[in-house]
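Visitor: Please find one structure pasted underneath; my questions will follow.
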Amino acid sequence: MRPDGIQRPALLVLPGWDDHGKAQFDLLDQDLSAQGWHCRRGNLPDASWPAADRARVNREDNLRQVLRDYQLLHAQERPDAVGVLGFSYGGYMAALLAGMYPFDWLVLRSPAIYPDADWMLPKEDLDRRKVNAYRHTVHTPEGNRALAACAAFKGDVLLVQSEHDQVVPRPVIDSYAWAFGNARSLVRHMLLEADHALSQARWRDTYHAIVMDWLRERRYGGR
123 MRPDGIQRPA
133 LLVLPGWDDH
143 GKAQFDLLDQ
153 DLSAQGWHCR
163 RGNLPDASWP
173 AADRARVNRE
183 DNLRQVLRDY
193 QLLHAQERPD
203 AVGVLGFSYG
213 GYMAALLAGM
223 YPFDWLVLRS
233 PAIYPDADWM
243 LPKEDLDRRK
253 VNAYRHTVHT
263 PEGNRALAAC
273 AAFKGDVLLV
283 QSEHDQVVPR
293 PVIDSYAWAF
303 GNARSLVRHM
313 LLEADHALSQ
323 ARWRDTYHAI
333 VMDWLRERRY
343 GGR
């Protein structure tokens, strides 16, 4: 509870590595702010970052930044409830964060997954062929750090996938879904005909509506 006694939930949004979705965040921020939320966009590498900066950072760097973003959001806003939303690489980071803090709500859209090996290697130096092959196999929490974090998460989960995702195939989504065995609830949505980037406005609109409705239900329909 904030010192002024006003209940104000907060949402940390973690973008994808090649995300151009600042406009999507702005719309989400606008609509949630009207309902009393505070939103913060995490400082992860996205399409706006200089190439040299993107080439230097590894997953440890990014996870530490996500931790700082979460802690700063909590310290500044003192929310009575917290959600984390992540897309693609941001979804992978959100999953890792879920095993470190007991926040309330987790939204993952097309969350990426990576082998645990080469954790300290710059992200852009990871072998893309190995990563792609890894994503076409179902994995368990025992063999993957992000999935282990999901298995420890006890809040509510919204898991959204694109029907024609060229980056995050179906086995990745299945791996995440099965990892959430201890979650309070799991809702899974498929965006029909959609690609990974949600390149058409109708797909973005549908996704936005799904997230808004789900957060509203979680916030006002009980936890």
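In terms of the numbering used here, the sequence shown is residues 123 to 345. Beta carbons: idealized from backbone N, C-alpha and C, even for Gly. In this text the structure is predicted, and so the values were computed from the model without any measurement.
Quick one: what does DSSP say asparagine 266 is sitting in, helix, strand or coil?
Guide: Asparagine 266: coil per DSSP, three-state reduction.
Visitor: Quick check: the Cα distance between leucine 150 and leucine 337, rounded to an integer number of angstroms?
Guide: Their Cα atoms are separated by approximately 11 Å.
Visitor: Leaving out five residues before and five after glutamate 199 in sequence, what residues of the same chain have Cβ atoms less than 7 Å from its Cβ?
Guide: Around glutamate 199: Arg130, Ala132, His160.
Visitor: What's the gap between the Cα of histidine 318 and the Cα of aspartate 168?
Guide: Spanning the two alpha carbons is a distance of roughly 15 Å.
Visitor: Tell me where the beta strand (DSSP E) around phenylalanine 209 begins and ends.
Guide: Taken as a continuous stretch (DSSP letters only), the beta strand (DSSP E) holding phenylalanine 209 covers 204-209.
Visitor: Residues in its own chain within less than 8 Å of valine 289 by CB, not counting five upstream and five downstream?
Guide: Closer than 8 Å at Cβ, skipping near neighbours: Ser210, Ser232, Ala234, His318.
Visitor: State the Cα-Cα distance for the pair tyrosine 329 and leucine 230, rounded to the nearest angstrom.
Guide: So the two alpha carbons sit approximately 11 Å from each other.
Visitor: Could you check what DSSP says for proline 172 in three-state terms: helix, strand or coil?
Guide: Coil, per DSSP.
Visitor: State the Cα-Cα distance for the pair glutamate 246 and valine 309, rounded to the nearest angstrom.
Guide: So the two alpha carbons sit approximately 32 Å from each other.
Visitor: Checking 7 Å against the spacing of the C-beta atoms, do alanine 220 and leucine 228 come in under that value?
Guide: Going by C-beta atoms, alanine 220 is nearer than 7 Å to leucine 228.
Visitor: How far does the beta strand (DSSP E) with tryptophan 79 in it extend, from its first residue to its last?
Guide: No information on residue 79 is available, as it lies outside the stretch 123 to 345 that the chain covers here.
Visitor: Can you tell me where the beta strand (DSSP E) holding histidine 196 begins and where it ends?
Guide: Where histidine 196 is concerned, there is no enclosing beta strand (DSSP E), although the alpha helix (DSSP H) it sits in stretches over 181-199.
Visitor: Could you name the residues that DSSP lists as bridge partners for proline 80?
Guide: Because residue 80 is not part of the residues shown, which for the chain are 123 to 345, the question remains open.
Visitor: In chain order, what residues of the same chain lie with their CB nearer than 8 Å to the CB of asparagine 304, ignoring the 5 residues before and after it?
Guide: So the qualifying residues of the chain are Ala273, Ala274, Phe275, Lys276.
Visitor: My understanding is that leucine 269 touches asparagine 180, with C-beta atoms under 8 Å, so please give their C-beta distance in whole angstroms.
Guide: Leucine 269 to asparagine 180, Cβ: 20 Å. No contact.
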